[in-house]
Amino acid sequence: MYCFHRPVLCVIDPDVIKHVLIKDFDHFQSHGIFSGGVGDPIAGHLFNLHGNTWKNLRVKMSPSFSTSKFKTMYPLVENIANDALAYADAYYDSGKSLNFSKFYETYTMEIIGSVGFGVECNGFKNPNSEFYVRGHEYFNPQTLYWTLVRALAFFAPDLFNKLKIRRIHPDIVNFFYNLVTQTVEYRQKNNFKRNDFLQTLIELKNDDSIDDTGESKIQRGIFSMTDVAANTMLYMFAGYETSATAGQLAAYELALNPHVQEKAREEVTRVLAKYNGQCTYDAQNEMTYMNMVIDESMRKYPPMRSLFRRCTKEYRLPNSDVVIEEGTLVFIPVQAIQMDPDIFPDPEKFDPERFSPEMKAKMHPCHWMPFGEGPRKCLGLRQGYVESKLALVKLLHKYELILDERTPVPMKIKASALACVPDGGVWIKLRKLEA
1 MYCFHRPVLC VIDPDVIKHV LIKDFDHFQS HGIFSGGVGD PIAGHLFNLH
51 GNTWKNLRVK MSPSFSTSKF KTMYPLVENI ANDALAYADA YYDSGKSLNF
101 SKFYETYTME IIGSVGFGVE CNGFKNPNSE FYVRGHEYFN PQTLYWTLVR
151 ALAFFAPDLF NKLKIRRIHP DIVNFFYNLV TQTVEYRQKN NFKRNDFLQT
201 LIELKNDDSI DDTGESKIQR GIFSMTDVAA NTMLYMFAGY ETSATAGQLA
251 AYELALNPHV QEKAREEVTR VLAKYNGQCT YDAQNEMTYM NMVIDESMRK
301 YPPMRSLFRR CTKEYRLPNS DVVIEEGTLV FIPVQAIQMD PDIFPDPEKF
351 DPERFSPEMK AKMHPCHWMP FGEGPRKCLG LRQGYVESKL ALVKLLHKYE
401 LILDERTPVP MKIKASALAC VPDGGVWIKL RKLEA
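Residue numbers (the UniProt record's numbering): 1 to 435.
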């Protein structure tokens, strides 16, 4: 098919997709989506790069997303989940239903602020802080001009490169860039350290170890302050909308399927009892069925409804005469694949058992791709799971989730969103469990 003047190849065969994303990745290194440009120092992050620049940065940043690193950050996330529970308690006490879309957006943005940027926003008490306002505006432009600019940047990236048009409002770019530089300067001046993602980037910037050439990494300028700011923004870019939608849609399905909710609650109660009521990192890690609930939710409502790759050097499809020319955009319809009845029978049914450890081990790697697949698979998937899950765990231990009549059934998804964003929101009534 064509996107204006650009040829786009739509690939639906899982084995061909496996070649594109995994086996022959060298031919398809670029996402092929325009996300940065002139005057945008926060756009040069891992998602937007390709080639050797991407490869070098990926190697450097991978340890920042390791299990051991996230364990040190976990208390920050749990504290925010406790704040979220207190916020829900207040709604229960007032007898009001909870706008779960807004609830999860606030919860996720709070995690982004604390873990990614090193700032405490108190978003549940102060939803109008500049961090929240700028963060939401980054994802949802407030004017027709910036909405059109975003659309054109997606459909005609080459034009944007030539015309050097800004894709993001300069006020948003300046706010986040200045926030990061000021936070980094404060930490370095006062020798202050915090177990968060920003600290790992500061350590990368300050790494003066010697490489093979005998030059220090700092001398070679491998990781600058601009890189710190850009990859802090990556934490928001990759983690906000994805985790927020995954959590609220999992809650929607739990409320819609009481038998699944009860089974999830039994697991939560059993595991927390084993850990004396404390939701530690190891405790949430043992909640296998909760993981299955999140997995099934991301099958029906993938955080990214499609994947894109740009062909970076001519490629002949195996066992065929089809040649993909350099520059061709490859489109992989993730949601269509994950809702294919030949792959997942009765796809509209919410069935976490599809993702039992035994079933998941047998699954084709390109039948379920909420985090992408191959070398460009999302580095933060472990963190995404925990963020989406933790607020639900806290709520399920105390409340029954019941759908409010304002929630559309079946769920409607915004047609214009790349992520599965509920159209009209998810509203949940809370019913306190008997002690």
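All C-beta atoms in this analysis are idealised placements derived from N, C-alpha and C, irrespective of residue type, glycine included.
Out of Ala-244, Leu-392 and Phe-223, which one is the CA nearest neighbour of Val-268? Leu-392
For the putative contact between Leu-198 and Gly-118, defined by C-beta atoms under 8 Å, what is the C-beta separation to the nearest angstrom? 4 Å
Short CB-CB distance (under 7 Å) between Val-115 and chain E: Included in the structure is just one protein chain, with no chain E present.
Give me the Cβ distance between Leu-430 and Leu-98, rounded to the nearest whole Å; I'm assuming they're in contact under 8 Å. 6 Å
Using the three-state DSSP reduction, which class does Trp-427 fall into: helix, strand or coil? strand
Looking at the secondary structure, which residues open and close the alpha helix (DSSP H) in which Pro-258 lies? 258 to 274
Per DSSP, cross-strand counterpart(s) of Ile-332: Leu-307
Which residue's Cα is closest to the Cα of Asp-24: Lys-432, Val-409 and Glu-373? Glu-373
Suppose the cutoff is 8 Å on Cβ atoms and the five residues either side in sequence are ignored; what does the same chain contact list for Glu-120 look like? Gly-113 and Ser-114
Excluding the 5 residues preceding and the 5 following Lys-412 in the sequence, name in chain order all residues of the same chain whose CB lies nearer than 8 Å to its CB. Pro-422, Asp-423 and Gly-424
Could you compute how far the alpha carbon of Asn-206 sits from the alpha carbon of Gly-32? 31 Å
Distance check for Arg-134 and Ile-324, CA to CA, integer angstroms please. 40 Å
Beta-ladder partner(s) of Glu-400, from DSSP: Arg-431
What separation, rounded to the nearest whole angstrom, lies between the Cα atoms of Arg-220 and Pro-318? Low per-residue confidence applies at Arg-220: pLDDT is 46, beneath 50, and the placement is therefore not dependable enough to give any value.
Determine the contact status of Ser-101 and Gln-248, defining contact as a CB-CB distance below 7 Å. yes
Arg-265 and Leu-144 - do their beta-carbons sit closer together than 7 Å? no
Do the CB positions of Ile-332 and Tyr-177 come within less than 7 Å of each other? no
What separation, rounded to the nearest whole angstrom, lies between the Cα atoms of Ser-129 and Thr-106? 11 Å
Would the beta-carbon of Lys-55 fall within 7 Å of that of Cys-366? no
Pairwise C-alpha distance: Asp-89 and Lys-274: 25 Å
Host alpha helix (DSSP H) of Val-180 (start-end): 170 to 190
May I have the straight-line CA-CA distance separating Ala-283 from Arg-270, to the nearest angstrom? 10 Å
Helix or strand or just coil, what does DSSP make of Pro-141? coil
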